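Asker: Input: one structure, supplied below.
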Amino acid sequence: GENVEQHPSTLSVQEGDSAVIKCTYSDSASNYFPWYKQELGKRPQLIIDIRSNVGEKKDQRIAVTLNKTAKHFSLHITETQPEDSAVYFCAASIQEYGNKLVFGAGTILRVKS
Amino acid sequence: NAGVTQTPKFQVLKTGQSMTLQCAQDMNHEYMSWYRQDPGMGLRLIHYSVGAGITDQGEVPNGYNVSRSTTEDFPLRLLSAAPSQTSVYFCASSYSWDSSTKQYFGPGTRLTVT
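Chains as they are written, first to last, in the numbering used here: chain A, 1204 to 1316; chain B, 185 to 298.
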């Protein structure tokens, strides 16, 4: 089945710097890659997603890139702010298996002011 | 719309007890699912449903049952609770079972089994 690996497990950046979180997936049939942000004690919130027919997507300070050949995708946050501090999860799903998401283990992002 | 709702927010069970975690959505979503979240392991799929009357197993289904008698509700039953089921449980829903449809999560239920 699909396996998603996420790195790093923790990331500390200074306010205003950029943060990059990387994920790799194992099944080349994966075609949808969402990113979720989870604040302490809260539910995961979808922040951006990308489909396999697109290489890059941007939404204000957040962007996601996808390299299908290498089977990896990345989350980029620019001009980080203290409120970006949270746990970020990547996930992947496969068309043939419907909307079943396989998640990475998560990255704790700390933005220091 | 209330979105995806879950009850209870917190629950403590003794080993061997049974209980049902409730999940409801008012968005007429076709697809609903249950995940458990354990420290350092992300979220893992327990069971899912692509519509009323249709359910299937996910990655970690043992010890849990589900049913989907209506579009709105998708309860998760723990048949005989075990300490290994201590976790945070999230219900999620999406408009379609299609793999690229956005999923929205409920607020979660924190379950402790002693």
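Where is the CB? At the ideal position from N, CA and C, for every residue including glycine. The structure displayed is predicted, hence computed values, not measured ones.
1. Following the continuous beta strand (DSSP E) through L1243(A), name the residue where it begins and the one where it ends.
2. Identify every run of the beta strand (DSSP E) within the region 192–264 of chain B, keeping only runs that are complete inside it and at least 3 residues long; order them along the chain.
3. Hey, quick one: how far does the beta strand (DSSP E) through D1220(A) stretch, first residue to last?
4. Is N1302(A) near S233(B), with beta carbons less than 8 angstroms apart?
5. Using a Cβ-Cβ distance cut-off of 8 angstroms, determine whether F1276(A) contacts chain B.
6. Using a Cβ cut-off of 8 angstroms (strictly closer), state whether Q1298(A) contacts chain B.
7. Should T285(B) be flagged as near chain A, meaning a C-beta pair shorter than 8 angstroms?
8. Kindly say whether W281(B), judged by its beta-carbon, lies nearer than 8 angstroms to any beta-carbon of chain A.
9. Does the separation of the CB atoms of P259(B) and S271(B) fall below 8 angstroms?
Answerer: In this structure, then:
1. That residue, L1243(A), is in no beta strand (DSSP E); it is neither H nor E in DSSP.
2. 194–197, 203–209, 215–221, 227–235, 238–241, 248–250 and 260–262
3. Unbroken run through D1220(A): none, as it is neither H nor E.
4. no
5. no
6. yes
7. With 8 angstroms as the cut-off, T285(B) counts as an interface residue toward chain A.
8. When Cβ-Cβ separations below 8 angstroms define contact, W281(B) makes contact with chain A.
9. no
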